[in-house]
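Visitor: I have a structure I would like to understand better, so I am pasting it below and will then ask my questions one at a time.
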Amino acid sequence: MTLAVALRHRFGTATLDIAFDVPTPGVTALFGPSGVGKSSVLAAIAGLLRPDACRVTLDGERLADTEAGIWQPTERRRVGFVFQDARLFPHLSVAANLRYGLRRAGAGATGFDEVVALLGLSALLARRPHTLSGGERQRVAIGRALLAQPRLLLMDEPLASLDAARKDEILPYLARLDTALRLPILYVTHALDEVAQLADSVVLLAAGRVVAAGPLDAIAARADTPLALRDDAGAVLTCRVAEHDTARRLSRLERDGLSLLVPGQAAPLGSLVRVRVPAREVILARMEAAAIGAALSLHNILPGTVRAIAEDAEHGAAMVEIEAGGAPLLSRVTPDAVARLRLAPGSPVLALVKSMSVEVLGTRTLTNS
């Protein structure tokens, strides 16, 4: 099942020309800087913007096809929308705001009690919106959208107005949505930390165009995308907890043929965790360096193969894609290092990764893992 979107629209001198297909259910991030058309894509999917040309298909049903004369009105598309600001009714309690979604949709698969439990709202039901924190208001707004029984949830930078502490408060709730409800979610953001923690797939936008689209792990580790030019570039992987070594205070994570040692985790054996390996923390070495592993403080010496190399002129660096045990990694090194190690596509290489540099983002059951 898929969500397929193709649209063209002119805004003055700017033109939006977007096309992508992503799997459903699951979380797909529309990622890019401000002004590239992310919110306009959501508005077209919801029927709030009628582009010059548009085709939107959700699991085989055409919500819009301007060439065929099909344009379902917004209320028939069953699309939930969560905006940057919560837009709650100030005179209603949290419970009444939530039930407003139920009244609009009638009976459905997603029940009131289920949403309250999923979003941790039970202690807030009697309160009014002005007494809530920003993160609490957004959780209520998400709950109201879910109780309208949508087939697709659109989220337009829902955390953009929150400080870091409030973002940390709400991210675990967002991470549970697609797993608990099996709901496709299209999530607009320009914050890479949100993408790393939430997304299964990613669509990268620049200047009104799609520059890359696909599973997050594949896109994040590419050397030739705008993500690779960011200071916080790095691979994002879903791994399984394979072992806890309590004596060494380490946990071993596995992904395909890749094995990573990280500081000890509380996650149960067999559970899935999402990790990020920053490109700036991946050191490259020739294969013969494996013999000195016992003399180094780092735990992860990963044999791999160079897939591609791209220039990173902004940092005076080179971005090197590596396949290590079937998993993609990304390393930012100097051009001199590329020359000294004689790196080229197909070259064998060691990726050296400190266990402390692997960022464990949380335990999740991922829909499209």
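Count along the sequence shown from 1, then add 2; that gives the number in my numbering. Here a beta-carbon is modelled for each residue, glycine too, at the ideal position from N, C-alpha and C. The model shown is predicted, which means the values in this text are computed figures rather than measured ones.
Where does histidine 301 land, buried or exposed, given buried means 16+ other C-beta within 10 angstroms?
Guide: By the neighbour-count rule (16 or more Cβ atoms within 10 Å), histidine 301 is buried.
Visitor: Compute the Euclidean distance between the alpha carbons of serine 124 and histidine 93, then round it to the nearest angstrom.
Guide: Each residue's Cα considered, the two are about 19 Å apart.
Visitor: Does the beta-carbon of histidine 132 have 16 or more other beta-carbons within 10 angstroms, so that it is buried, or is it exposed?
Guide: When all chains shown are included, histidine 132 counts as exposed.
Visitor: Out of Glu256, Asp165 and Asp115, which has the shortest C-alpha to C-alpha gap to arginine 146?
Guide: For arginine 146, the nearest C-alpha among the options comes from Asp115.
Visitor: From the DSSP output, in three-state form, read off valine 372 for me.
Guide: Absent from the structure is residue 372, since the part of the chain shown begins at 3 and ends at 371.
Visitor: In this structure, how does DSSP classify serine 371 when only helix, strand and coil are distinguished?
Guide: The predicted position of serine 371 is uncertain, since its pLDDT is 38 and thus under 50; a value taken from the coordinates is nonetheless stated next. Note: serine 371 maps to coil in three-state DSSP.
Visitor: Report all residues from its chain with a CB closer than 8 Å to the CB of valine 76; omit the five preceding and five following residues, and keep chain order.
Guide: Note that residue 76 is threonine in the sequence shown, not valine. Hits under 8 Å: Ala48, Gly49 and Leu50.
Visitor: Tell whether a beta-carbon distance below 8 Å holds between serine 357 and valine 264.
Guide: Yes. Within cutoff.
Visitor: Taking only the alpha-carbon atoms, compute the straight-line gap between alanine 150 and leucine 120 and give it to the nearest angstrom.
Guide: Taking the straight line joining both Cα atoms gives about 15 Å.
Visitor: Could you compute how far the alpha carbon of alanine 237 sits from the alpha carbon of alanine 281?
Guide: Answer to the nearest angstrom: the Cα atoms are 7 Å apart.
Visitor: Counting only runs that start and end within the stretch 117-184, where is the alpha helix (DSSP H) found for 4 or more residues in a row?
Guide: DSSP runs (the alpha helix (DSSP H)) wholly in the stretch 117-184: 136-149 and 166-183.
Visitor: With burial defined as no fewer than 16 other Cβ atoms inside 10 Å of the residue's Cβ, what is the status of methionine 157: buried or exposed?
Guide: Result: buried.
Visitor: In whole angstroms, what is the alpha-carbon distance linking asparagine 370 and arginine 105?
Guide: Because asparagine 370 carries a pLDDT of 40, less than 50, the predicted location of this residue cannot be relied on, and the following value inherits that uncertainty. Cα-Cα distance, rounded: 32 Å.
Visitor: Can you tell me the Cα-Cα spacing of aspartate 314 and alanine 225, whole angstroms?
Guide: Spanning the two alpha carbons is a distance of roughly 9 Å.
Visitor: Please confirm whether serine 136 and arginine 168 have their CB atoms less than 8 Å apart.
Guide: Sequence check: residue 136 is glycine here, not serine. The answer is yes: Cβ separation under 8 Å.
Visitor: Can you tell me whether threonine 30 is helix, strand or coil according to DSSP?
Guide: Here threonine 30 sits in strand by DSSP.
Visitor: Please work out which residues of its chain come closer than 6 Å, Cβ to Cβ, to glutamate 171, disregarding the five sequence neighbours upstream and downstream, and give them in chain order.
Guide: Closer than 6 Å at Cβ, skipping near neighbours: Gly137.
Visitor: Less than 7 Å between C-beta atoms, sequence neighbours within five positions excluded: which residues of the same chain meet that for valine 373?
Guide: There is no way to answer for residue 373, as the model of the chain reaches only from 3 to 371.
Visitor: Of the residues Val117, Leu176, Glu69 and Arg141, which one's Cα is nearest the Cα of glycine 28?
Guide: Here the closest residue by C-alpha is Leu176.
Visitor: Just to confirm my understanding: we take glycine 2, look at its own chain, exclude 5 residues before and 5 after, and list those with CB closer than 6 Å. What are they?
Guide: What is shown of the chain runs 3 to 371, which leaves residue 2 out entirely.
Visitor: Mind reading off the beta-carbon distance from phenylalanine 22 to valine 205? Whole number of angstroms is fine, and I expect it under 8 Å.
Guide: The pair is a contact, with the Cβ atoms about 5 Å apart (cut-off 8 Å).
Visitor: Among the residues of its own chain, which have a CB less than 8 Å from the CB of glutamate 245, if the five just before and after it don't count?
Guide: Ser253, Arg254 and Leu271, listed in sequence order.
Visitor: With a threshold of 8 Å on Cβ separation, who are the neighbours of aspartate 180 within its own chain once the five nearest residues in sequence on each side are excluded?
Guide: Closer than 8 Å at the Cβ level, and outside the excluded window around aspartate 180, lie Pro27, Gly28, Val29, Pro186, Ile187, Asp202 and Thr369.
Visitor: Which full runs of the alpha helix (DSSP H) of 4+ residues lie inside the stretch 3-54, going along the chain?
Guide: DSSP runs (the alpha helix (DSSP H)) wholly in the stretch 3-54: 40-48.
Visitor: With DSSP run on the structure shown, which of helix, strand or coil describes glutamate 290?
Guide: Three-state result, glutamate 290: helix.
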